[in-house]
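Let me begin by presenting the structure, written as structure tokens, before commenting on it.
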Amino acid sequence: MAGARRIFVTAGSPGKIEYCRKLGATHPINYREQSFKEVVLRETDGRGVDVVCDYLLASYFGDNIDSLAKDGRMSLQGAMGGAVAEHVNLLPVIFKQLRIEGSVLRSRPLEYQRRLGEAFGRDVLPHIESGEMFWHIDRVYAWENIQDAHRLMESASFTGKIVVRVTDNIGDLG
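So the sequence shown is numbered by our numbering: it starts at 610 and just counts up by one.
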């Protein structure tokens, strides 16, 4: 996990907690039973963590700020928990010299996305193919069954990636 000694993750079921542990998480936390912030601060003796990767945004924004150590970084990659964080104390951002950055691929130009895909194929895919890097795919759907893929995603009863195969034999749509 990129040299990290302690890896804190959240998941909402015992099965997903075990899955995270098998992937290398040293501190998997069931967010339905425990507070991520409280566990992080307890396990780090109040120091906090160096990096938070957040896909939820608003619902945990304040707790994530509180969980970061001095000079910590938070990377925001989604807003599944809402886009407006209310009643968040931002003073720790200043006092702890935190860095917060957002990153989503869909707002990038197509040329950037193409170059990123090429870099992934060149720099990452060989490690996955060799087995050196693990990439878990939960299910693969044909594009014709996209509704089933969305239902699975909405159910949150999967681990790993959901893949939809897009083919060029879509036939006559008109």
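Beta carbons are placed, not taken as given, at the ideal position from N, Cα and C, and that holds for glycine.
Computed from a predicted model, the values in this text were never measured in an experiment.
For residue i and residue j, what's the separation of their Cα atoms in angstroms?
i, j, result
"residue 760", "residue 718", "29 angstroms"
"residue 610", "residue 757", "Confidence is the limiting factor: at residue 610 the pLDDT is only 48, short of 50, which leaves the residue's position unreliable and the question unanswerable from this model."
"residue 711", "residue 688", "10 angstroms"
"residue 764", "residue 694", "25 angstroms"
Short check: CB of residue i to CB of residue j, under 8 angstroms?
i, j, result
"residue 752", "residue 772", "no"
"residue 666", "residue 692", "yes"
"residue 681", "residue 658", "yes"
"residue 679", "residue 706", "yes"
What is the DSSP secondary structure of residue i, counted as helix, strand or coil?
i, result
"residue 703", "helix"
"residue 736", "helix"
"residue 767", "coil"
"residue 759", "helix"
"residue 674", "helix"
Buried or exposed for residue i, going by 16 or more other Cβ atoms inside 10 Å?
i, result
"residue 762", "exposed"
"residue 739", "exposed"
"residue 698", "exposed"
"residue 733", "exposed"
Using 8 angstroms as the Cβ pair cut-off and three pairs as the minimum, do the stretch 724 to 731 and the stretch 743 to 750 touch?
-> Counting Cβ pairs under 8 angstroms, fewer than three are found: no touch.
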